[in-house]
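Okay, structure first, notes after.
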Amino acid sequence: MYKAPSLPVGTMSMDTLDEYSSHLPGAMVLVLDDEGVITQCNSLFLNETGYASSTILKRDIAVLSDSPLFNTRMVDNALSIGNRNIFKPEPAHLIMANGEILIVHVMPLRMETGQGLLHLLLLFNQEPVKEGNLIQRFGETMLTDDHLGAILLHPADSIILDISPLACRLLGAPKCSIVNEPLHHFFASTKEYKLIQNALAGGPAVRNHPMTWLHRTEQAGQTELLMDVGLFHSPLGLVEGAYILFKDVTNLRSLEEQVQRSDRLAMIGQIAAGAAHEIRNPLTAIRGFLQLFQKTMTVRGMSKEVEYTEIMLTELDRINSLVGEFLMLSKPRHKMQNHIHIDAVLRDIMPMVSSEALLHGVTVSWEWEPGLPFVTADPEMLKQVFLNICKNGIEAMNIGGDLTVYAQMEVNSEGRWLAVDIQDTGPGIPSSMLNKIFDPFVTTKANGTGLGLSVCQRIVHDFGGIIKAATRTEGALFTVMLPC
Ligand SMILES: Nc1ncnc2c1ncn2[C@@H]1O[C@H](COP(=O)(O)OP(=O)(O)OP(=O)(O)O)[C@@H](O)[C@H]1O
Ligand SMILES: [Mg+2]
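Under the UniProt record's numbering, the residue at position 187 of the sequence shown is numbered 187, and the numbers go up by one with no gaps.
Below you can see the structure in the form of structure tokens.
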């Protein structure tokens, strides 16, 4: 038997109670009589629980839950303790129409109305708790995400509380030996430590700060990161924790470097074009007059001087061809687009390559598959490409060796190619040089210009081809691929 609570918390008309109960934000409202029978409920209650008003009204409140809070006597007891008129919401299980359980927070109220004293149960869905779970799950996801470096810290002493797998890999230790360690064990040697300390001490938060992380072992190298450091604040503004987040941007950084390099190359190209133009004209005049002198000297029998002019003319030709290479690199030029057979091009350069090889004690072998398709290119330019690569190979093997030139057809996902492999048995190309050798002015030779391979690359690219360099167990392998 339900005992009426002693004091009402408020007085309102029945209409106002109806209005009130239908507008309480997020609250399911049940109105009970003195016997604990449900006399009224709001639409939110029906929506959330799936009950129809016809099935739930006039039923005893106890059918909804076995929680003591749904026992009106207990409600009354709770309310009367310490003469409190307002009861703190308590969690309880509510049985829904489909038999499933809904966890609600229950707040009992008493209300004096025109129809006497009524009892209200305000039921709140677990919304605030759910939000808390969401934040918690968000945090957990960050700490388990394989692509995000996350470190959770105690705010006062910067002890590491939790850490994500990527951050463990960065710090080069398993989670168990990182957690509970102070941050400075891992970060004190970094340039950014001061910045981190400052942010943890309440200074400005760090956002997207670029950082190069040097791994503990040399083989692991370094990782380019963007770092965030910040504090967690409670709703009252107290510092509850701190975090460090990393994003691995190594790939982005190398892309940036490539862009910078090609910018630099474009600039070199422009300067080269200008310089080549200025050098060529006076050279033509000097060469012309020198040839005149040579004729006169020959007539006058000045054989020694003729010999000198001969040397001067050869050197001038060298400058001229160098300038020609500059121009080849930088200026858009007229190129012939013929259907050509690669074996004809290779046959043409054979004598030149062979005589150079002979000087260096190198054996050259030439081979190509029969019936190779033709490629669209300028034969003279292709000759220059193969000559340059063969010359490099021969120069690399200064104490004899084998140079192999092999042409074949290759089909891959990007199409059909005519591939020419030029392999030597020299020392190969050091891995630190491999991605630079096609840049102009990169040379390891005392008299080299470092232009040979950049000219080759430019020509091959102009014909839609690819040029690659690799180091094999024995020597270097250059592959020129042309679409066919
Ligand atoms: N077959 C090879 N084996 C080893 N290193 C090579 C080989 N080919 C090229 N290289 C390296 O690449 C560098 C650049 O070659 P590139 O042809 O562009 O210029 P170079 O040969 O030095 O000068 P130049 O071509 O003007 O004589 C060379 O200096 C050499 O260090
Ligand atoms: Mg060269």
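Glycine residues also receive a C-beta, built at the ideal position from the N, C-alpha and C atoms.
These numbers come from a predicted model, not from an experiment.
Approximately 26 Å separates the beta-carbon atoms of Gly237 and Phe124; this is outside 8 Å, ruling out the contact. A residue is listed when its beta-carbon falls short of 5 Å from at least one non-hydrogen atom of ligand 2; in chain order these are Asn392 and Gly452. With the rule of 3 Cβ pairs closer than 8 Å, the segment 349 to 361 counts as touching the segment 384 to 404. Every alpha helix (DSSP H) of 4 residues or more that sits fully in the segment 96 to 154 is shown, in chain order, as 127 to 144.
The three-state secondary structure of Val480, taken from DSSP, is strand. For the set Ser164, Leu226, Gly475 and Tyr243, the Cα lying nearest the Cα of Ala199 is the one of Tyr243. Under the three-state reduction of DSSP output, Tyr193 falls in the helix class. Collapsing the DSSP output to three states places Gln40 in a strand.
By the beta-carbon neighbour count (other beta carbons within 10 angstroms, threshold 16), Val63 is exposed. No Cβ-Cβ contact shorter than 8 Å links Ala92 with Tyr51.
Looking from the CA of Phe478, the closest CA among Leu183, Asn435, Ser177 and Met302 belongs to Asn435.
It is roughly 39 Å from the alpha-carbon of Glu310 to the alpha-carbon of Thr376. At least one heavy atom of ligand 1 lies less than 7 Å from the C-beta of Ala396. Our two residues, Lys391 and Arg216, have alpha carbons roughly 43 Å apart in a direct line. Closer than 7 Å to some heavy atom of ligand 1: that describes the Cβ of Lys445.
DSSP, read as helix, strand or coil, puts His233 in strand.
Taking 7 Å as the cut-off, one finds at least one heavy atom of ligand 1 near enough to the beta carbon of Thr449. Across the set Tyr20, Leu372, Met433 and Thr449, the C-alpha of Thr449 shows the shortest separation from the C-alpha of Val323.
For Ile103, the number of other beta carbons within 10 angstroms of its own is below 16, and it is reported as exposed.
In the DSSP assignment, Glu380 falls within the unbroken alpha helix (DSSP H) covering Pro379 to Ala396. Remark: C-beta atoms of Thr404 and Gln384 do not approach each other more closely than 8 Å. The count of Cβ pairs closer than 8 Å, one atom from the segment 253 to 272 and one from the segment 163 to 181, stays below three, leaving the stretches out of contact. Pairing Arg110 with Leu117 gives a Cβ-Cβ distance under 8 Å.
A distance below 8 Å between beta-carbons, with the five flanking residues on each side excluded, links Gln457 to the following residues of its chain, in chain order: Phe438 and Ile467. With fewer than 16 other CB atoms across the displayed protein chains lying within 10 angstroms of its CB, Thr284 is exposed. Distance between Ser234 and Thr141, taken at the CA atoms: about 21 Å. The Cβ-Cβ distance between Thr314 and Val306 does not fall below 8 Å.
For Tyr193, the CB contacts under 6 Å within the same chain, skipping 5 residues up- and downstream, are Phe187 in chain order. Of the heavy atoms belonging to ligand 1, at least one sits nearer than 7 Å to the Cβ of Ser454.
With at least 16 other beta carbons inside 10 angstroms of its own, Cys484 counts as buried. Put simply, of Leu69, Ile286 and Gly114 the residue whose alpha carbon is nearest the alpha carbon of Met107 is Leu69. Ranked by Cα distance from Ser43, the options Leu152, Gly36, Trp368 and Leu30 are led by Leu30. Trp368 and Ala407 do touch by the CB rule: their CB atoms are close to 4 Å apart, below 8 Å. From the listed residues Leu195, Asn412, Ile61 and His341, the smallest Cα separation to Gly371 is found for His341. Between the alpha carbons of Glu395 and Gly428 lies a gap of roughly 12 Å.
The beta carbon of Leu290 is closer than 8 Å to those of Thr309, Met312, Leu313 and Leu316 in its chain, skipping five residues each way along the sequence.
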